[in-house]
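Visitor: Note that the numbering used here has the sequence shown beginning at 701, numbered continuously upward. For glycine and all other residues, C-beta sits at the position ideal for the given N, C-alpha and C. Values in this document were obtained by computation on a predicted structure and should not be read as measured data. I am attaching a structure below and will ask some questions about it afterwards.
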Amino acid sequence: MNPIKNALKSLSVTTTNVIVALIFFIITAKITNPEFFGKVAIIQLLEVVTSAFFYFIPGQIITREISYLYARKEISKSVIGKFLSFPFLVLPLFLILLLFPNYVKLTIPYLFLYLLNGVMGSIMVGMDMFTETAITGNLFLIIRWGISIIAVLSHNIYLFIEIWTLGGIISVSMNYAFLSRKVGLILPSFDFAFLFKHFKEGLPLYLSSSATFLSSQGDRVTTAYLLGSYYLGLYQFSALVAGVPSMVLGALGGVLLPTASFYKALGKDEKKMSSISFRVLSLITFLAVIISIPTAVLVVEKFFPAYTSGIKVLILLLLATTLPFPIGSLTNFIIAAKKSLRPFLILSLLNGGLVLLTSFLLIPRIGIMGGAISQIIVSIISSSFIIIYALRTSTFILGRKETTLLTMMPLIGLYEVFIDPPYLDLLLLLSILFLFKFFKIITVDDMKLIQSFLPSKLKFVTLILKIIS
701 MNPIKNALKS LSVTTTNVIV ALIFFIITAK ITNPEFFGKV AIIQLLEVVT SAFFYFIPGQ
761 IITREISYLY ARKEISKSVI GKFLSFPFLV LPLFLILLLF PNYVKLTIPY LFLYLLNGVM
821 GSIMVGMDMF TETAITGNLF LIIRWGISII AVLSHNIYLF IEIWTLGGII SVSMNYAFLS
881 RKVGLILPSF DFAFLFKHFK EGLPLYLSSS ATFLSSQGDR VTTAYLLGSY YLGLYQFSAL
941 VAGVPSMVLG ALGGVLLPTA SFYKALGKDE KKMSSISFRV LSLITFLAVI ISIPTAVLVV
1001 EKFFPAYTSG IKVLILLLLA TTLPFPIGSL TNFIIAAKKS LRPFLILSLL NGGLVLLTSF
1061 LLIPRIGIMG GAISQIIVSI ISSSFIIIYA LRTSTFILGR KETTLLTMMP LIGLYEVFID
1121 PPYLDLLLLL SILFLFKFFK IITVDDMKLI QSFLPSKLKF VTLILKIIS
């Protein structure tokens, strides 16, 4: 299982999503009314609700278990069939949507396919099938955001849902074909004892996911309640743009759980794996933050001048979601090492309470900036919690290099908020590279390990690593 090749395959899906979705939303915003745009947003919200509340066996648990079996060459059709059965058991719960307007009712088949496709994706990445998931992922996104423009042009929300459902059918069919080719014909197998065991094990993650959904919407709900729809739109747009760097980084981090689980099953030391991942991801994250902020500001000022008043909020949200990414990635190693997941439920509940409290305290006083500061506060507390728990579970080591990187994170954040003239961005970038070399954050041994995973077309990356190692 090659983490670098797999990350590049995942990145292709994220890149497609960013480009095609950007084109879709620009066209939709220009040729439709807010009512149609709002219906699209509701369908997207239902996707999030499905992932947060109907995913009773979290994808992380499925991926970890499949990765362990795959590493030991113990994978079987029966195990895959058992995991595939749980979306069918959840299907009756979607009938609650029959109480809502007609177009919402029609999303039931799509949302079921969306859940089933997610479970298939979790299984496939656990079996190192990143090429196959990239193929179906890119095709689905082209249908989802590209072909659905036909429905936008005709202002037909029902046609829009039908196109998304068609994309779901094609994606599920292709994933099923890929899985069947890999292990043989698979049929859902309703083993309630098996499902309950993994549901119970993943319950803290499931509850924390549900709590995270509520907390992530807390600042939006408070903004809408206290300031109205105009400021909510401004805040939502800022959050959308600010989330792009973390979305791209998420594609790179998405390979960590199956990779860590695979090599943990082979007896590798999770502390060494988490350490090198943390250091490499810190370098990528720091560079992403330095490049993303001026790029985002330029895009807003040039293409969306009506939203320039939200630029400061955008910067804070970008820092809150992107800068702690290396710390958040440590949760993959905690899950792979099969440590207790209950503390994450406590963390999610704490975050939810903090978002609501700080939003109600700050938004009436300083507007949407209060919502962004609320996210910064939650990000700091959440990151501190993960670091402490990773150290307590012995899945991470805090040496000189790791301490240096943790010190650099708030300093970069403070620089971007209070200083950050555009002409100094290049100087900051060079300073980061110099600090990595001076403190030998990435060693020669690390470089050799990374080089062993690099595809032949990316060997030039070795030259960059040699400069800073």
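Do the CB positions of ILE1068 and TYR931 come within less than 7 angstroms of each other?
Guide: Closer than 7 angstroms, so yes.
Visitor: Just the Cα atoms here: how many angstroms apart are PHE1085 and LEU1047?
Guide: Distance between the alpha carbons of PHE1085 and LEU1047: 8 angstroms.
Visitor: Excluding sequence positions up to five away, which residues of its chain have a Cβ less than 6 angstroms from the Cβ of ALA988?
Guide: Taken in chain order, the residues that qualify are PRO945.
Visitor: Quick check: the Cα distance between LEU1045 and ASN1051, rounded to an integer number of angstroms?
Guide: Going from the Cα of LEU1045 to the Cα of ASN1051 covers about 10 angstroms.
Visitor: According to DSSP, is GLY846 helix, strand or coil?
Guide: Three-state result, GLY846: helix.
Visitor: Along the chain, which unbroken stretches of the alpha helix (DSSP H) at least 4 residues long are found entirely within the region 790-826?
Guide: Taking only runs of at least 4 residues, the alpha helix (DSSP H) segments lying wholly in the region 790-826 are 802-805 and 808-826.
Visitor: Take SER1079 as the anchor and find which of PRO1026, GLU747 and LYS972 has the nearest alpha-carbon.
Guide: For the residues PRO1026, GLU747 and LYS972, the minimum Cα distance to SER1079 belongs to PRO1026.
Visitor: Can you say whether ASN817 is buried or exposed, counting buried as having 16 or more other CB atoms within 10 angstroms of its CB?
Guide: Buried: at least 16 other Cβ atoms inside 10 Å.
Visitor: Would you grab the beta carbon distance between LYS882 and MET820 for me? Rounded to a whole angstrom, and I think it's under 8 angstroms.
Guide: So it is not a contact: roughly 12 angstroms between Cβ atoms.
Visitor: Among residues of its own chain, excluding the 5 on either side of PHE1139, which ones have a beta-carbon nearer than 7 angstroms to its beta-carbon?
Guide: Within the same chain, PHE1139 has close Cβ partners LYS1101 and THR1104.
Visitor: Taking SER1000 and TYR1007 to be in contact with their CB atoms under 8 angstroms, please state how far apart those CB atoms are, rounded to whole angstroms.
Guide: For the record, residue 1000 in the displayed sequence is Val; it is not Ser. Confirmed, Cβ separation roughly 6 angstroms.
Visitor: State the Cα-Cα distance for the pair SER712 and ASN706, rounded to the nearest angstrom.
Guide: Roughly 10 angstroms between the two C-alpha positions.
Visitor: Which residue marks the beginning of the alpha helix (DSSP H) containing PHE878, and which one marks its end?
Guide: Start and end: 857-883.
Visitor: Ignore the nearest five residues each way along the sequence and tell me which others in ILE719's own chain have a CB closer than 8 angstroms to its CB.
Guide: The answer is none, since no qualifying residue turns up.
Visitor: Roughly how far, in whole angstroms, is the beta-carbon of ALA752 from the beta-carbon of SER910, given that I think they are within contact range, below 8 angstroms?
Guide: Sure, about 5 angstroms apart at Cβ, within 8 angstroms.
Visitor: Are ILE842 and TYR803 close, meaning C-beta to C-beta below 7 angstroms?
Guide: No.
Visitor: Quick check on the DSSP output: the alpha helix (DSSP H) that includes THR1022 runs from which residue to which?
Guide: Unbroken alpha helix (DSSP H) run through THR1022: 1011-1022.
Visitor: Which word fits VAL779, buried or exposed, when buried means at least 16 other C-beta atoms lie within 10 angstroms of its C-beta?
Guide: With 16 or more other Cβ atoms within 10 Å, it is buried.
Visitor: How would you call LYS1137, buried or exposed, if buried means at least 16 neighbouring beta carbons within 10 angstroms?
Guide: With fewer than 16 other Cβ atoms within 10 Å, it is exposed.
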